[in-house]
Each structure stands twice: as structure tokens, then as C-alpha cells.
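These notes are about the structure you will find just below.
2 protein chains.
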Amino acid sequence: MSGPVNLADVARRAGVSPATASRALGDHPHVAVRTRERVWRAARELEYVVSPEASGLARGTTGRIAVVVPHLSRWWFGAALEGLADVLRAAGMDLLVYRLGDPAARRAFFDDLPARRRADAVVLLGFGVDGHERRRLERIGVGIVSAGVRTAAYPSVCIDERGAARQAVDHLLHLGHRRIGMIVTLDPELDPEQPEQRSAAYTDALLRAGYEVDPALVVEVAWGADGGAGAMGQLLGLADPPTAVFAHSDEVALGAVGTLRRAGLRVPGDVSVIGIDDHPLAAPADLSTVAQQAHEQGALAGRSVLAELAGDPVERVVTVPTRLVIRSSTAPPRAGRAELPGAG
Amino acid sequence: MSGPVNLADVARRAGVSPATASRALGDHPHVAVRTRERVWRAARELEYVVSPEASGLARGTTGRIAVVVPHLSRWWFGAALEGLADVLRAAGMDLLVYRLGDPAARRAFFDDLPARRRADAVVLLGFGVDGHERRRLERIGVGIVSAGVRTAAYPSVCIDERGAARQAVDHLLHLGHRRIGMIVTLDPELDPEQPEQRSAAYTDALLRAGYEVDPALVVEVAWGADGGAGAMGQLLGLADPPTAVFAHSDEVALGAVGTLRRAGLRVPGDVSVIGIDDHPLAAPADLSTVAQQAHEQGALAGRSVLAELAGDPVERVVTVPTRLVIRSSTAPPRAGRAELPGAG
């Protein structure tokens, strides 16, 4: 097929008249569901881009912003979504939420994207997109903003991942710890760059302080308190366990604290623990952490989107500062800590 | 004005032609933003209901479900929203999320509702509506489902609030506790019926066991870990403090545990604590609780909505079972507990 795909091509493939194809793509009433589905499938297969006129929607006229999220029940995502929702509500915009599911659902979502202009802009919340997904996003021709992850292709609101991890590890180093464990969390749905940046900062900080990195002290687990609990068990099983642990998130750190308590060890008396986030349950657990403002990141992403729609200049990278919060889960190592009970 | 309000009335009030009013209400492109706003304001003031023809949307043809939520960053709401989003995605429906804001924003939201048919159905997530709000919801003429709160006016997916609280209090009674404190959480944005039901179950359980209810043992606080921390401090200040505490939610219970730890008291050695929810961070904190399935409640609400749209029968009340989860924050009271350190 040569030349750009047009409505007639879609109609022919779907076996309907161009007028019916136009109504189906415009989401008009009185089009049978099955006909609509056939037309949309044809449009998708041909990678037909519904023009604003055909869909009855000019640029910026749906009044809706779409946000794509991998998770809704985790604190960071919920808080960032709340910040975004508040800014958009104040601007009178509606918010469409798409939760990515398993890999097949995720693929279907991005494959369906170009055919429908359902929103005036898209916010990617807390995950990175691959090359294929980026090409699909480009085809819808609306503004895109990334929140929580720095993505070169789009204006991004994020934290300094290396800086945040460095704040945590430097705190442990300043307290006098030398054997510092790290619990890395991996999530196949999220961009691996975030854990990579945090891990790189750990290595840098140790080397800069003149200590070597012992690979046995680095444990990779799935995200969540269970992952943290298991990782701490693994670290306690070492012949020479760490005197302090840096976990990539507070939920994971709290799982590690649970394992220490069950093992009869004291925090920070026997082992210091620090996380990242300042989750609302970090304070009652007295967990030291590096606070990041999830609500603020979502709100700033909302402002970037509104600026883009208004034709105002949009900052390419907005870095939201993080802050070391010292509570009582971190303290200097005890003298003679090699004799940790249960250490071998 | 007599007779139903029609499009000409709206046009006259807005000072535009009926054709322009129709295009503005239909969200057509090429209508100036200010004109659109003037027309919508007139429609709102006259309580004009946009007909499916005028708005270009027949019943069931937007392909969108609207969910209204008071919070997005709290666990229950995020998990329930995730369950709802997953069911709707599988059905190919889009999800519009409206977060209620302060009272003024909430009022504006419900006042705007009837004028726009933006979704085929509405899910109320975790809050109750008052009479005014119910009348506004009725005017949009779409199906409504309530999740997390039992609302007589709508099909509801919920837990047995009294039953859940009874499971928690009965567990403490069975362990031999007599002086059982309760931390009630109040949220002005949420339906007071939920805390009322949980409190009533506490009173019933104590009276049934033959104990009297000491009003000094019941503390009302704002939701969250801070509220729980403060409430526990208040209970510890009593001349005869409780040997066990039932908190209306896990986050509040974990705040109470933090206060006990800082006071040098042991859980459950000095005071037992139990919550409701089975929050993901209850397990690593070894908190006993009554588990409710938030994700499942959202998913079932999604199924009720889809059934209603398909014209299938919808159950009026779906009660999702709760389950007592005994961890190590609850144990029998110590002998001689009247001599609690710090008890005055």
C-alpha cells in the first residue's frame, strides 16, 4: 500500500461504507457494537490515525488527560496520582486512568493507542516506556509528560535518584558503618534505570569512602515487605553480616525490620536500617529514610501538562528535592559487631 | 418558568443561538472556550439535562465509567481502585477518576454532574452521599454502584462493618482482656456510618461479655498513624489504662504501636493492639488484624456496573467476607497489669 492510509482504506478493510467507518471512529451513537469493533480493528491494523475532524475532536477539545500507571495500590503511585488529580480538577480537566496489566494487556494498550484520541495529553506515572511503546505514543500526536521517572523523550518530573541513594548511604557511612548491605528491588513492570541509579550511588559512596563493595551484601528481591523480609534473612545468614542495611524503598525496609525483630535483634542496636520514600508508616515505625514528595511530583506533572496545552514553555526536567529524615532506626555500629548473635 | 427546561432556554440565558448552545453542550470543536463555559453555566443554573442526542452520546455509548473517590493515596482506596480498573480494562471500558476535594470542590462537582453525560455509569468508592448529592446523581440517569460503603439507594459492595469489628473485639475478649480501649477514626469526607457501626459492635461485644463500657477508654481521632499515636498517648495517661486496644484501621493501630514502643512498653507484653484492614505493612509489623479485601471489593463493584450496563440483574448488596488474622501483637493480659509502668 502506498501513500498514507485514509478512511476509505479502513472502510474497505472493515467491509463497511466510509460513512459508517467515520461514525464508528467518531464514537457516534447508533453504530452497532460489532461494527464499531470491526472498524476499530481495521484502523488499528492499518495504523490509521483518526483525524481530529473524523473523530469530532480537535486538538485540546476532549477536556481529558490520560494517565498511565503500572500500580494503583502502592503508596507512591496513589500519592502522585492524587497530586495530579488535584491540579487537573482545579483546571477543570477530566482524568482518565489506564492501569497497565500483564505484558499482553500492556501490549494491547499501546497497540490501541494511536487509533483513538481519547485525551488531550498523556502522563506516564512511575514507569519507563520502551522504543515500541514510544513510537505508539508518538502516533497519537498529543503532549506527553513523565512523572517519577526521567525519560529523555518527554518533559519529566522526577527526583535525583543517585542523589537520594547517596543521602541514605552517606548517612550510614557517617555513623561509622563499613559493612553496609543493600536490598535492591526489581519490578519487571518498571524501568530498571531507577534501581540501577540507586545501586550505582551505593557503589560510588562506598568506593569514595575507601571501602570495597562486597557482592554478598547486595540482595535483589521483588518489591514489597515480603521481599525485604526475605532479603534480610539472606543477609543475616552471611558469615559476616552487615551492621547496616540500605533498602531501595521504605516498604522493603519495613519488611527487613520485621525479620530483625523476629530474629531477636534490635534496630538500631544490632543492625541499622534506612529506606527511601518517607512512606506514611515510616514515621510510626521510627524508620530513617530519604523523603521524596510523591504528591508534589504528580502535581508538578499536572502543571507541565497544562502548560503544554496552553502553549506555554515546559521545563524538560523538573527535579523535586529529597531530604534525609533521621529517625531511630539508624545509629553507630556497636563495638565488636562481628560477634552478632546468630551470625554464623 | 413552567414546563421542562429546553435548549432554547439555555441558549437565551447564555446569550447565544440555539445552534451554538447545542454545539457547546455537545463538546464540538470550534466553539470558543468562553462561549462553552457560558453555555455550560447556563445549563447548570437551569438544571438542564443534556439529552443524549444533543450531546452526541446515547446511553451506554461513552465507553467510560466514572469513579468518584475521596482519597487516592490511602491503601484501601488505591487497592479498591486497582480492582475496579482491572475489571473495567478487561471489559474494554475506560475509567474516569474524580477525586473529591474540599467541601467547595465537592459541591461544585455534584452541581456540575447532571449537565454532562461523561460516563455510562458511576462508582462511588468508599464514601457516602448526602440527600442533595443523591438528587444530583439521579439527574444524570445512569447506573450507580457503591463500593466499600453500604448505601441503601444503590447496589453496594461492602464488608459487614459490625461483624468485622466484632471479630477484633471478641479476639481480645477471648484472650482475657477486660479493659479494652478503642481508637475511633473520623474523617469529615467519609460516611460516619462506618465508624458508628464499628463502635456499636465494640459496645455490643463488651456488654454481651458482661463488662461495662468505660467512655474514658474510647478516643476519637483523625484518620492516620498520627491520630493513632496521639490516641494511644491519651489512653496511656489514664489512671487505669487499657490492657488492649482495638483501632478502627491498621494505619491507626500502627501509630498506636509506635507510641507504645517509644514509651518503653512492649506489644503485646504490656498492651495488645489489633486493627482492621490487613494493610500490606501489617504483616511485617506483626500486627493482628481483621483482613478485608479492598481489591476484591473494587473488582466486584466493577462487575456490578458491567452487569447493570448489560441489563443483567444486579445484586443489591454484595458482602465481602472478612477474616481474623492473629499475629503477635495480641496476647493474654499480664497478671498484675494495673501496675503498668507509667500508668500514674
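Residue numbers (the numbering used here), protein chains in the order written: chain E, 66 to 409; chain C, 66 to 409. Even for Gly, the Cβ is constructed at its ideal location relative to N, Cα and C.
Boundaries (first-last residue) of the alpha helix (DSSP H) holding residue i
| i | result |
| --- | --- |
| C/Leu153 | 140-155 |
| E/Gly363 | 359-374 |
| E/Ile205 | 196-205 |
| E/Asp177 | 168-177 |
For residue j and residue i, the rounded distance between their alpha carbons
| i | j | result |
| --- | --- | --- |
| E/Ser264 | E/Ala230 | 8 Å |
| C/Pro260 | C/Val284 | 12 Å |
| C/Arg103 | C/Leu178 | 16 Å |
| C/Ala403 | E/Ala131 | Any answer about C/Ala403 is weak, because its pLDDT of 43 lies below 50 and its placement is not dependable; what the coordinates show is given next. Between C/Ala403 and E/Ala131, the C-alpha separation is close to 58 Å. |
| C/Pro378 | C/Leu160 | 22 Å |
| C/Ala400 | E/Gly293 | 36 Å |
| E/Tyr267 | E/Pro306 | 17 Å |
| C/Val75 | C/Pro83 | 8 Å |
| C/Gly367 | C/Leu374 | 11 Å |
| C/Val322 | C/Arg392 | 14 Å |
| E/Trp288 | C/Val96 | 48 Å |
| E/Thr395 | E/Asp279 | 21 Å |
| E/Ala414 | E/His197 | Outside the shown range of chain E (66 to 409) lies residue 414 of chain E, about which nothing can therefore be said. |
| C/Trp140 | C/Arg78 | 45 Å |
| C/Asn71 | C/Arg183 | 20 Å |
| E/Ala350 | E/Leu319 | 8 Å |
| E/Ala108 | E/Leu325 | 57 Å |
| E/Leu111 | E/Ala218 | 25 Å |
| C/Gly295 | C/Arg101 | 50 Å |
| E/Pro257 | C/Met158 | 30 Å |
| E/Thr127 | E/Val207 | 12 Å |
| C/Ala86 | C/Val222 | 40 Å |
| E/Val355 | E/Ser369 | 25 Å |
| C/Glu277 | E/Asp291 | 41 Å |
| C/Val210 | C/Gly376 | 14 Å |
| C/Leu389 | E/Trp105 | 48 Å |
| C/Asp269 | C/Thr216 | 23 Å |
| C/Arg200 | E/Gly246 | 58 Å |
| E/Val234 | E/Gly298 | 21 Å |
| E/Phe175 | E/Ala156 | 27 Å |
Proximity below 8 Å, CB of residue i to CB of residue j
| i | j | result |
| --- | --- | --- |
| E/Ser353 | E/Thr308 | no |
| E/Leu346 | C/Leu346 | yes |
| C/Ala212 | C/Leu189 | yes |
| C/Leu271 | C/Arg244 | no |
| E/Val152 | E/Val134 | no |
| C/Leu202 | C/Val214 | no |
| C/Leu301 | C/Ala274 | no |
| C/Thr387 | C/Gln232 | yes |
| C/Pro397 | C/Leu240 | yes |
| E/Ile205 | E/Val317 | no |
| E/Ile339 | E/Gln357 | no |
| C/Ala150 | E/Arg99 | no |
| E/Phe142 | E/Gly80 | no |
| C/Arg227 | C/Asp185 | no |
First through last residue of the beta strand (DSSP E) which encompasses residue i
| i | result |
| --- | --- |
| E/Ser337 | 337-342 |
| C/Ile209 | 208-212 |
| C/Ser353 | 353-356 |
| C/Arg129 | 129-134 |
| C/Arg164 | 159-164 |
| C/Arg388 | 388-390 |
| E/Ala186 | 186-190 |
| E/Thr395 | No beta strand (DSSP E) holds E/Thr395; DSSP gives it neither H nor E. |
| C/Thr384 | 382-384 |
Please give me, in chain order, every unbroken run of the beta strand (DSSP E) with length at least 3 that falls completely inside the region 284-320 of chain C.
The beta strand (DSSP E) runs lying completely inside the region 284-320 of chain C and spanning 3 residues or more are 309-312, given in chain order.
Are the region 375-388 of chain E and the region 157-174 of chain E touching by the rule of at least three beta carbon pairs closer than 8 Å?
Output reads no: the region 157-174 of chain E does not touch the region 375-388 of chain E.
Is the number of C-beta pairs between the region 309-322 of chain C and the region 247-264 of chain E that are closer than 8 Å three or more?
No, they do not touch.
Could you pull out every unbroken alpha helix (DSSP H) segment of at least 4 residues lying fully inside the region 220-265 of chain E, listed in chain order?
Here the runs fully enclosed are 226-239.
Would you say the region 352-367 of chain E touches the region 358-372 of chain C, given that touching needs at least three Cβ pairs under 8 Å?
No, they do not touch.
Using 8 Å as the cut-off, can you tell me whether the region 138-152 of chain E makes contact with the region 326-336 of chain E, which would need three or more C-beta pairs spanning the two stretches below that distance?
Result no; under three Cβ-Cβ pairs closer than 8 Å.
List in chain order: all unbroken beta strand (DSSP E) runs of 3+ residues lying wholly within the region 71-101 of chain C.
Here no run is fully enclosed.
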